[in-house]
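Numbering (our numbering), first residue to last: 2 to 192.
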């Protein structure tokens, strides 16, 4: 997936792999270890998540839009897509995080909000810009956790948060460390 929303067949091949894994026909046991030889580890089809940064986030958005029945939720970090292509996200659970200085992801996601709302999506988009200084140190994120959770408790399926002063490259070094975002993602279960 590139900045012109072009992609190769690898994107759909990735989805085919997901489908195959969800078929639970693979034996994930380890024949070399006695305690695992007979184990077949299964993937819970109600807990399949989509996440990525930048082009990985663009790919995640595309996969969620093309295959809305598959994913329990998505955590999108600094990625964007054309609004018209993302209408199916109006009924999915998505947490989008961008930086105020990201001149692509933030404005493109802003353009998606009315599209999602018109399609029945419930979007939380706070005017407040979050403070990236609250991400580190990792063991002191309580204030940030409280802020993020205060937005996630609304009756919305899409939450779009922006951190003050963070550009596109800076988002990769910060946003995946947000514990409240990861915790939210792993609490999601597909109906």
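Every residue, glycine too, gets a C-beta built ideally from N, C-alpha and C.
Which of helix, strand or coil DSSP assigns to residue i
i           : result
residue 72  : coil
residue 137 : coil
residue 95  : strand
residue 124 : strand
residue 57  : helix
residue 159 : strand
residue 100 : strand
residue 9   : coil
residue 114 : helix
residue 22  : helix
residue 64  : helix
residue 34  : coil
Selection from the options that minimises the alpha carbon distance to residue i
i           : options             : result
residue 175 : 35, 133 and 46      : 133
residue 97  : 54, 138 and 104     : 54
residue 64  : 118, 95, 43 and 122 : 95
residue 139 : 15, 17, 177 and 24  : 177
residue 13  : 67, 43, 108 and 48  : 67
residue 172 : 21, 9 and 104       : 104
Check whether residue i and residue j have beta carbons under 8 Å apart
i           : j           : result
residue 89  : residue 112 : no
residue 52  : residue 100 : no
residue 19  : residue 60  : no
residue 165 : residue 126 : no
residue 92  : residue 115 : no
residue 160 : residue 152 : yes
residue 122 : residue 150 : no
Inter-residue Cα distance where the pair is residue i and residue j
i           : j           : result
residue 170 : residue 35  : 45 Å
residue 120 : residue 136 : 33 Å
residue 124 : residue 87  : 14 Å
residue 7   : residue 117 : 22 Å
residue 191 : residue 102 : 33 Å
residue 17  : residue 156 : 33 Å
residue 56  : residue 183 : 19 Å
residue 58  : residue 33  : 37 Å
residue 109 : residue 167 : 16 Å
residue 15  : residue 43  : 19 Å
residue 62  : residue 11  : 15 Å
residue 154 : residue 9   : 37 Å
Same chain only: Cβ atoms within 7 Å of residue i, ignoring 5 sequence neighbours per side
i           : result
residue 106 : 79, 80, 81, 99 and 169
residue 46  : 23
residue 148 : 131
residue 48  : 73 and 190
residue 1   : Only positions 2 to 192 of the chain appear in the structure, and residue 1 is not among them; the question remains open.
Same chain, Cβ closer than 8 Å to residue i, neighbours up to 5 away in sequence not counted
i          : result
residue 50 : 72, 73, 74, 75, 76, 186, 187 and 189
Cβ neighbours of residue i in the same chain (closer than 6 Å, five flanking residues each side left out)
i           : result
residue 142 : 180
Any chain B beta carbon closer than 8 Å to residue i
i           : result
residue 189 : Here there is only one protein chain, and chain B is not present.
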